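K.L.:
Sequence positions in the sequence shown follow mature numbering (1 follows the signal peptide of the UniProt record, and there is no 0) and run -20 to -1, 1 to 373. No residue lacks a Cβ here, since even glycine has one placed at the ideal position from N, Cα and C. Given the structure is predicted, the values throughout are model-derived calculations rather than measurements.
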Amino acid sequence: MKIWNAVFLAAFAFQCKVLASSTDATDGLVKEDPLPCNGFPEERDIPANYFFYIGAHVNRLDSPTGFNHQTTDQSTSSSNNPSITQDRTVTEMLDDGVRLLEISLCKGANGKTFLCSAIDQETDLHNREPFRDFTDQLFEFIQTRPKQIIVTHISSNASPEKQVSIKDIESAIDEVCKVHTERTEGTDLFKEGECPFIYAQKDAKRIWPTLGELVNYDPEMAQWEGDGVDVGVKGMLIFTHSEELIEPQGYTSSYFSEVFWKSSYVPGQEPQDIKDRLHYMCKKTGGISLKAYPDTSSTDYVSANEKLYEPRLLEELISAPDGCNFNNAPMHTYFNSIIVDFYQKHLPYLKELQARMVAINFSKWDNVAKPFTPSKLLPEQKQEPVHHERDEL
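Written as structure tokens, this is what we have:
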């Protein structure tokens, strides 16, 4: 009997050890839900256009699930192909904290819409990421990681035969929204053009709702729950588009908001071009999107990308007297996004920059000056004194 007890105890101990090892191995794979309001619950009262979004310039994605992010050989890496500007899937980008996706769309021979680049105009799009699949990942994310706001800015640099219209885009969005609405408890019956997961700000002069208002986050108010589980819409999507997208005659857009930033982008840009443009833009009020990536037509794209996507240069573009000169800009001049290629190379810096900018923008919204301080991840540099110019309207 004692022998069998010893055998039983040994087997039990071994089983516990296996279970513990299994748990330890999977713990590292489980991602915690991001904090509400894009990770800034304490700043929930900031208008959505004053928030600072980490953005990814997504030239194209390959079907079905994006790029093989495990590739490490630089000779085969996506960074050597100027038509590829990210090597993460959409869901991975969002899990990393990206909340603004800048994409370009083309229409394939089958009439469907795909993510593409200017280089794709003469190629077959069958292996590109369908816009429908891209959108599905957005909807899935905001329902599984509650209280998040994701902005998607859409452009099209395609030739006329591959150009997409706003109607094409919204039809694809409706297809995806219908599926997610029907499987989400607490939502009304789906109607075309009335997707409950999308917020559209049609009037650019209207004050934007706050982060908390968009995702119904107020810790002091009891939330509606069904059977003890949160139900209904848990996050919000915002779509904007560039001017070249076609709106068919007589068609009225349902889902697109007015662009809420001025772009620093200059075709064929070099660092000095961005600096010169920011020097001009920062003298006027409004939100600014810092687009720190090279033109894909660059003859030396990889080198150009490395020069632009470097924290020290980004700090200089924002703070230098011959750049934005941010600390001497008008009170209501602010950065509300930075959009880059291969964001993960400097993700800790981008998150630190976001924290600094959110604090500054929250103060600016409250008419209180707060200086842009140097990054703690870089060696200290001399700062210019703070002096706010009069707002120019």
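From this set, Leu169, Ser139, Arg24, Val70, which residue's C-alpha is nearest Arg79's C-alpha?
P.N.:
In the sequence shown, the residue the question calls residue 79 occupies position 99. Nearest of Leu169, Ser139, Arg24, Val70 to Arg79, Cα basis: Val70.
K.L.:
Starting from Lys81, trace the beta strand (DSSP E) in both directions and tell me its first and last residue.
P.N.:
To locate residue 81, count along the sequence shown from 1; it is residue 101. Sequence check: residue 81 is Leu here, not Lys. Start and end: 80 to 87.
K.L.:
Using the beta-carbon count (16 or more within 10 Å), is Asn347 buried or exposed?
P.N.:
Along the sequence shown, one-based indexing puts residue 347 at 367. Asn347 is exposed by the Cβ-count criterion.
K.L.:
Do Gly215 and Arg24 have their beta-carbon atoms positioned less than 9 Å apart in this structure?
P.N.:
Against the sequence shown, residue 24 aligns to sequence position 44. Against the sequence shown, residue 215 aligns to sequence position 235. The answer is no: Cβ separation not under 9 Å.
K.L.:
Ser97 by DSSP, collapsed to three states: which one?
P.N.:
What you label residue 97 is simply residue 117 of the sequence shown in a count that begins at 1. In the structure shown, Ser97 sits in coil (DSSP, three-state: anything other than H, G, I, E or B).
K.L.:
Can the beta-carbon of Asn39 be found less than 9 Å from the beta-carbon of Leu81?
P.N.:
Indexing the sequence shown from 1 puts residue 39 at position 59. Indexing the sequence shown from 1 puts residue 81 at position 101. Contact: no.
K.L.:
According to DSSP, Phe240 sits in a beta bridge with which residue or residues?
P.N.:
In the sequence shown, the residue the question calls residue 240 occupies position 260. In the DSSP output, where bridge partners are listed per residue, Phe240 has none listed.
K.L.:
For my contact list, Gly267 and Asn29 are in at a C-beta cut-off of 8 Å; report their separation, rounded to the angstrom.
P.N.:
On the sequence shown, position 287 is the one that residue 267 refers to. On the sequence shown, position 49 is the one that residue 29 refers to. Yes, Gly267 and Asn29 are in contact; Cβ-Cβ is about 6 Å, under 8 Å.
K.L.:
Determine whether the beta carbon atoms of Trp241 and Ile26 lie at a separation below 9 Å.
P.N.:
Locating residue 241 in the sequence shown gives position 261, where the first residue counts as 1. Locating residue 26 in the sequence shown gives position 46, where the first residue counts as 1. No; because the gap between Cβ atoms is not below 9 Å, this pair is not in contact.
K.L.:
DSSP three-state label for Arg163, please.
P.N.:
Locating residue 163 in the sequence shown gives position 183, where the first residue counts as 1. Arg163: coil per DSSP, three-state reduction.
K.L.:
So, at 8 Å on beta carbons, what are the nonlocal neighbours of Ala300 in its own chain, with the 5 sequence-adjacent residues on each side left out?
P.N.:
Within the sequence shown, numbered from 1, the residue matching residue 300 stands at position 320. So the qualifying residues of the chain are Lys255.
K.L.:
Could you tell me if Arg292 is buried or exposed, where buried requires 16 or more neighbouring beta carbons within 10 angstroms of its beta carbon?
P.N.:
Against the sequence shown, residue 292 aligns to sequence position 312. Exposed: under 16 other Cβ atoms inside 10 Å.
K.L.:
Between Lys264 and chain B, is the shortest Cβ-Cβ distance under 9 Å, so that the two count as touching?
P.N.:
Any reference to chain B falls outside this structure, which holds one protein chain only.
K.L.:
Given this structure, state the Cα-to-Cα distance separating Leu194 from Phe306, to the nearest angstrom.
P.N.:
In the sequence shown, counting from the first residue as 1, residue 194 sits at position 214. In the sequence shown, counting from the first residue as 1, residue 306 sits at position 326. Going by the C-alpha atoms only, they are around 29 Å apart.
K.L.:
How is Arg292 classed by DSSP in three states: helix, strand or coil?
P.N.:
Here residue 292 refers to the residue found at position 312 of the sequence shown. Correct three-state label for Arg292: helix.
K.L.:
Take the Cβ of Pro110 as the centre, count every other Cβ of all protein chains shown within 10 Å, and call the residue buried at 16 or more, exposed below.
P.N.:
On the sequence shown, residue 110 is found 130 positions in, with the first residue counted as 1. Buried is the call here.
K.L.:
Counting Cβ pairs, one atom from each stretch, are 3 or more of them under 8 Å apart for the segment 247 to 266 and the segment 227 to 236?
P.N.:
With the rule of 3 Cβ pairs closer than 8 Å, the segment 247 to 266 does not count as touching the segment 227 to 236.
K.L.:
Would you give the residue range spanned by the beta strand (DSSP E) that Ala36 belongs to?
P.N.:
Here the question's residue 36 lines up with position 56 in the sequence shown. Ala36 -> beta strand (DSSP E) spans 33 to 38.
K.L.:
Which two residues bound the contiguous alpha helix (DSSP H) that contains Tyr329?
P.N.:
In the sequence shown, the residue the question calls residue 329 occupies position 349. Taken as a continuous stretch (DSSP letters only), the alpha helix (DSSP H) holding Tyr329 covers 327 to 345.
K.L.:
Which residues share a DSSP beta bridge with Pro110?
P.N.:
Counting from 1 along the sequence shown, the entry for residue 110 is found at position 130. Paired residues: Phe94.
K.L.:
Taking 7 Å as the limit between beta carbons, can you name the residues of its chain near Asp198, skipping five residues before and five after?
P.N.:
Along the sequence shown, one-based indexing puts residue 198 at 218. Correct list, in chain order: Gly192.
K.L.:
Less than 9 Å between the beta carbons of Arg108 and Glu155, yes or no?
P.N.:
The residue you call residue 108 lines up with position 128 of the sequence shown. The residue you call residue 155 lines up with position 175 of the sequence shown. Between Arg108 and Glu155, the C-beta spacing is not below 9 Å.
K.L.:
Taking just the CA atoms, how far does Ser243 sit from Ile83?
P.N.:
If you number the sequence shown from 1, residue 83 lands on position 103. If you number the sequence shown from 1, residue 243 lands on position 263. As the crow flies, the alpha-carbon of Ile83 is around 15 Å from that of Ser243.
K.L.:
For Asp13, count the other beta carbons within 10 Å of its own beta carbon; 16 or more makes it buried, fewer makes it exposed. Which is it?
P.N.:
One-based indexing of the sequence shown puts residue 13 at position 33. Exposed, since its Cβ has fewer than 16 Cβ neighbours within 10 Å.
K.L.:
Judging by CA-CA distance, which residue of Ile218, Ser317, Phe170, Gln252 is the nearest neighbour of Asp302?
P.N.:
Residue numbering aside, residue 302 sits at position 322 when the sequence shown is read from its first letter. The shortest C-alpha separation from Asp302 is found at Gln252.
K.L.:
How big is the Cα-Cα spacing for Cys157 and Leu358?
P.N.:
Within the sequence shown, residue 157 is the residue found at index 177, counting from 1. Within the sequence shown, residue 358 is the residue found at index 378, counting from 1. C-alpha separation (whole angstroms): 43 Å.
K.L.:
Measuring alpha carbon to alpha carbon, tell me which residue in Glu22, Ile34, Val131, Leu15 is nearest Gln334.
P.N.:
Along the sequence shown, read from residue 1 onward, the residue named residue 334 stands at position 354. Gln334 has its Cα closest to that of Ile34, out of Glu22, Ile34, Val131, Leu15.
K.L.:
Could you please give me the residues that DSSP links to Ser317 through a beta bridge?
P.N.:
On the sequence shown, residue 317 is found 337 positions in, with the first residue counted as 1. The partner list for Ser317 (beta bridge, DSSP) reads Tyr33, Ser269.
K.L.:
Give the secondary structure of Phe219 by DSSP, where H, G and I count as helix, E and B as strand, and everything else as coil.
P.N.:
On the sequence shown, position 239 is the one that residue 219 refers to. If DSSP states are grouped into helix, strand and coil, Phe219 belongs with the strands.
K.L.:
Alpha carbons only, please: which of Lys92, Lys127, Pro16 is nearest the one belonging to Lys147?
P.N.:
Numbered from its first residue, the sequence shown carries residue 147 at position 167. The option with the nearest alpha carbon to Lys147 is Lys92.
K.L.:
Assuming His259 is part of the alpha helix (DSSP H), what are its boundary residues?
P.N.:
Translated into positions along the sequence shown, residue 259 becomes position 279. It spans 251 to 261 - the alpha helix (DSSP H) in which His259 sits, taken as one unbroken run.
K.L.:
Compare the Cα-Cα distances from Pro189 to each of Ile218, Glu172, Glu162 and report the closest residue.
P.N.:
As a first step, residue 189 must be located in the sequence shown, where it is residue number 209. The option with the nearest alpha carbon to Pro189 is Ile218.
K.L.:
May I ask you to list the residues that DSSP assigns as paired with His133?
P.N.:
On the sequence shown, position 153 is the one that residue 133 refers to. DSSP output for His133 lists Glu82, Thr220 as bridge partner(s).
K.L.:
Closer than 6 Å by C-beta to Lys350: which residues in its own chain qualify, once you throw out the five before and the five after it? Chain order, please.
P.N.:
Here residue 350 refers to the residue found at position 370 of the sequence shown. Correct list, in chain order: Ile340, Ser343.
K.L.:
Measuring alpha carbon to alpha carbon, tell me which of Glu238, Tyr179, Glu200, Tyr245 ends up nearest Val213.
P.N.:
For the purposes of this step, residue 213 is taken as the residue at position 233 of the sequence shown. With distances taken between Cα atoms, Val213 lies closest to Tyr179.
K.L.:
Any idea what DSSP makes of Pro228, helix, strand or coil?
P.N.:
Locating residue 228 in the sequence shown gives position 248, counting from the first residue. Pro228 falls in the coil class under three-state DSSP.
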